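Trainee:
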Amino acid sequence: MRLRSEVLKTFVAFVCLMMSAFLNFFLLTVIHDIIPTKPLPDLVFMLIPQQRWAWAVGDVLSTVSSVVGFTVILLHRDRLVVLRRVLLLGAIMYGLRAVVMGVTFLPTSFANREEICLPQVNRTAMYATEIATRFITYVVTLGLTSGQDKILCGDLMFSGHTVVLTIMYFTQLQYTPRGLVILRQTCLEKRVCNNRVIATGQNPTDQLSRLV
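Oh and the sequence shown: position 126 is 126 in full-length UniProt numbering, straight run, nothing missing.
(1) In chain order, what residues of the same chain lie with their CB nearer than 6 Å to the CB of Phe-70, ignoring the 5 residues before and after it?
(2) How is the alpha helix (DSSP H) around Phe-170 delimited, first residue to last?
(3) With DSSP collapsed to three states, give me the class of Thr-63.
(4) Where does Ser-5 land, buried or exposed, given buried means 16+ other C-beta within 10 angstroms?
(5) Compute the Euclidean distance between the alpha carbons of residue 213 and Tyr-175, then round it to the nearest angstrom.
(6) Going by C-alpha to C-alpha distance, which of Arg-2, Phe-45, Val-67 sits closest to Gln-172?
(7) Which one of Leu-80, Met-19, Ile-48 has the shortest CA to CA distance from Leu-3?
(8) Quick one: Cα of Gln-120 to Cα of Thr-108, how far?
(9) With H, G and I counted as helix, E and B as strand and the rest as coil, what does DSSP make of Cys-153?
(10) If I follow the unbroken alpha helix (DSSP H) through Cys-16, where does it start and stop?
(11) Could you check the C-alpha separation between Ala-128 and Arg-134 for me, to the nearest Å?
(12) Nearest-angstrom Cα distance between Phe-170 and Pro-177?
(13) Drop a sphere of 10 angstroms on the beta-carbon of Phe-45, count the other beta-carbons inside from all chains shown, and report buried for 16 or more, exposed for fewer.
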């Protein structure tokens, strides 16, 4: 009976996460056509050229971090409790991300926006079909964009990488046995690498929020 209750609570947490994630996907498909096209002045991008390859590297590191994090969860004695905490944290952070994206529309930081971002479309009778196509693409790819020629732009204030990497980092830091010093240090190094790599393709304010 206790196991059934734990599974049910974990399922509810998973549903909450999916609702927040789907809300994010929907907002991303709409905001892409609303945000301004001219990037804001940025000190970091004045000093460091933007690198397109950083997106692919960021996706790979996010995936690796997630695999390691969920492995730690599955090997934990109270795996359902830990998993439920992670799912609820993800639901809360994605919910906050949806609020941030829905309130403030920041332009992309790309100087060559036409080469990276999908073209914006006018609101016509076919707009609903375009939104549905974008939404399904986001659901299938889980928001990963490294395999796409052009991407939807508009989530650079509070990125999905920030949500995933922050939760997975603290999960590994909190629940990894203290004896596994190498793994714990690898988590820290990986977090620093993600900040350095993805910062070349996303607003530095996003990276500052992750460090804080």
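A virtual CB, placed ideally from N, CA and C, is assigned to each residue, including glycine. None of the values given here were measured: they were computed from a predicted structure.
Mentor: Straight from the coordinates:
(1) No residues qualify anywhere along the chain.
(2) From DSSP, the alpha helix (DSSP H) with Phe-170 extends over 160-175.
(3) Assignment of Thr-63 by DSSP, reduced to helix, strand and coil, places it in the helix class.
(4) Answer is exposed; the Cβ neighbour count stays below 16.
(5) As displayed, the chain neither begins before 1 nor continues past 212, which places residue 213 out of reach and without an answer.
(6) Here the closest residue by C-alpha is Val-67.
(7) Closest in alpha carbon position to Leu-3, among Leu-80, Met-19, Ile-48, is Leu-80.
(8) If I take the Cα positions, the gap works out to 13 Å.
(9) When DSSP states are grouped into helix, strand and coil, Cys-153 belongs to the coil group.
(10) Run containing Cys-16: 2-31, per the alpha helix (DSSP H) assignment.
(11) Answer to the nearest angstrom: the Cα atoms are 10 Å apart.
(12) Rounded to whole angstroms, Phe-170 to Pro-177 spans 13 Å at the Cα level.
(13) A buried status is given to Phe-45, since no fewer than 16 other beta-carbon atoms sit within 10 Å of its beta-carbon.
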